[in-house]
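A.B. asks: When we follow our numbering, the leftmost residue of the sequence shown carries the number 5, and every step to the right adds one.
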Amino acid sequence: MRKKSIIFAAFLALLYITLSSDIDGPAHHGHGDITGATTGVAGHCQTGSCHGGNNPLTVVQLQVIDTTTMLPTTTYRAFHTYLVSIKGDATAVSTTLPGFGFQASAVLGNHTLAGSYTIPTALARNIHTYACGATTVVEHTATLLPDTTGVNKYSVEFYWTAPAPFTDSVTFFALLNAVNGNGGKSGDYPNAAPKVTIYEDALDMVQQVNTTANHFSVYPNPSTGTITISYNLIFGDMISISVYDITGRIVARMADDEYQNSGVHQYTTSIANPGLYFVRMQAGNEAGTVQVIRK
Numbered sequence: 005m006r007k008k009s010i011i012f013a014a015f016l017a018l019l020y021i022t023l024s025s026d027i028d029g030p031a032h033h034g035h036g037d038i039t040g041a042t043t044g045v046a047g048h049c050q051t052g053s054c055h056g057g058n059n060p061l062t063v064v065q066l067q068v069i070d071t072t073t074m075l076p077t078t079t080y081r082a083f084h085t086y087l088v089s090i091k092g093d094a095t096a097v098s099t100t101l102p103g104f105g106f107q108a109s110a111v112l113g114n115h116t117l118a119g120s121y122t123i124p125t126a127l128a129r130n131i132h133t134y135a136c137g138a139t140t141v142v143e144h145t146a147t148l149l150p151d152t153t154g155v156n157k158y159s160v161e162f163y164w165t166a167p168a169p170f171t172d173s174v175t176f177f178a179l180l181n182a183v184n185g186n187g188g189k190s191g192d193y194p195n196a197a198p199k200v201t202i203y204e205d206a207l208d209m210v211q212q213v214n215t216t217a218n219h220f221s222v223y224p225n226p227s228t229g230t231i232t233i234s235y236n237l238i239f240g241d242m243i244s245i246s247v248y249d250i251t252g253r254i255v256a257r258m259a260d261d262e263y264q265n266s267g268v269h270q271y272t273t274s275i276a277n278p279g280l281y282f283v284r285m286q287a288g289n290e291a292g293t294v295q296v297i298r299k
């Protein structure tokens, strides 16, 4: 009887370790996207059976690196692939933390998935992508090793491919948890990285300029503050029309994927600040962009 009790107690201990640890990834373990991407606020591991709130003893850095220059960037080009680098430094902790886990996500302004991820082949067994509602995260599937044994420094990288032209700004979120490897929640040091927002490159936007068969025009151009957008739909279609500034931010939205009948349509909107802007119209599968100067 005592032997059975010991075995049962050991089973309970193993079950506790399994349920109290996100060793196979927070999303895969049922905690979803805990980076903060769904709310826009930096996330943390404070969930029902996770590791606690952010701890400043672990310093986390997130960078989006242009694979052409291998330098951090604040802009992106449509469909271009970038390297996302996450680094953690827990050397301020007095004990050795021999492993870590992480989670990261890239989202649009409406908190939906931006672009797509690619996992380096060398890490394919250790990290994965996991769908969480309207977003998808990248996270560990097993405890990851530090850069150097006995030193509380950690790093992980994966690739991200930017979305289609004129999509939106993209914000990256990440958190990293430096762990002691005991399978429990105590003695670990999670923290979130400062979020990083990047915008579509203005030159890239200019290169995407084209015309449509729907006689799309913007006037006056140059403008002193108010513009009129006019177009003639040959057939009824789903229409989206937005005005972007030079950083790729939407400053006005006239139509958002709504059905309109054939015929002539017009919108008038104001642009507050002088500068270079882009008016983009999407009609079904056809798109057009007009460059506008606001004096």
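Even glycine gets a Cβ: it sits at the ideal position worked out from N, Cα and C.
Are the CB atoms of residue 47 and residue 136 within a distance shorter than 8 Å?
C.D. replies: For residue 136 and residue 47, no; Cβs fall outside 8 Å.
A.B. asks: Which runs of the beta strand (DSSP E) spanning at least 3 residues fall entirely within the segment 79-159, listed in chain order?
C.D. replies: You should have 85-93, 103-111, 120-122, 131-136 and 139-144.
A.B. asks: The beta strand (DSSP E) with residue 285 in it runs from where to where?
C.D. replies: Counting along the chain, the beta strand (DSSP E) containing residue 285 begins and ends at 279-287.
A.B. asks: What three-state label does DSSP hand residue 46 in the structure shown?
C.D. replies: In this structure, residue 46 counts as coil in the three-state DSSP scheme.
A.B. asks: Check each candidate in 266, 241, 278 and 268 and name the one with the smallest Cα separation from residue 255.
C.D. replies: Nearest C-alpha to residue 255: 278.
A.B. asks: Quick check on this structure: which residue in 272, 109 and 116 has the alpha carbon closest to the alpha carbon of residue 164?
C.D. replies: Of 272, 109 and 116, the residue nearest in Cα terms is 109.
A.B. asks: Within its chain, find whatever has a CB closer than 6 Å to the CB of residue 78; leave out the 5 residues flanking it on each side and keep chain order.
C.D. replies: The answer, listed in chain order, is 202.
A.B. asks: Look up residue 267 in the DSSP assignment and say whether it is helix, strand or coil.
C.D. replies: Residue 267 falls in the strand class under three-state DSSP.
A.B. asks: In whole angstroms, what is the alpha-carbon distance linking residue 284 and residue 247?
C.D. replies: Whole-angstrom Cα-Cα distance: 6 Å.
A.B. asks: Do you know whose CA, among 99, 287, 174 and 65, lies nearest residue 190's CA?
C.D. replies: Of the candidates 99, 287, 174 and 65, the one whose C-alpha sits nearest the C-alpha of residue 190 is 99.
A.B. asks: Applying the 10 Å Cβ sphere with the 16-neighbour rule, what's the burial state of residue 59?
C.D. replies: Counting Cβ neighbours within 10 Å, residue 59 comes out buried, since at least 16 surround it.
A.B. asks: At the level of alpha carbons, what is the spacing between residue 294 and residue 221?
C.D. replies: Spanning the two alpha carbons is a distance of roughly 7 Å.
A.B. asks: If you compare alpha carbons, which of 262, 84 and 244 is closest to residue 291?
C.D. replies: Here the closest residue by C-alpha is 244.
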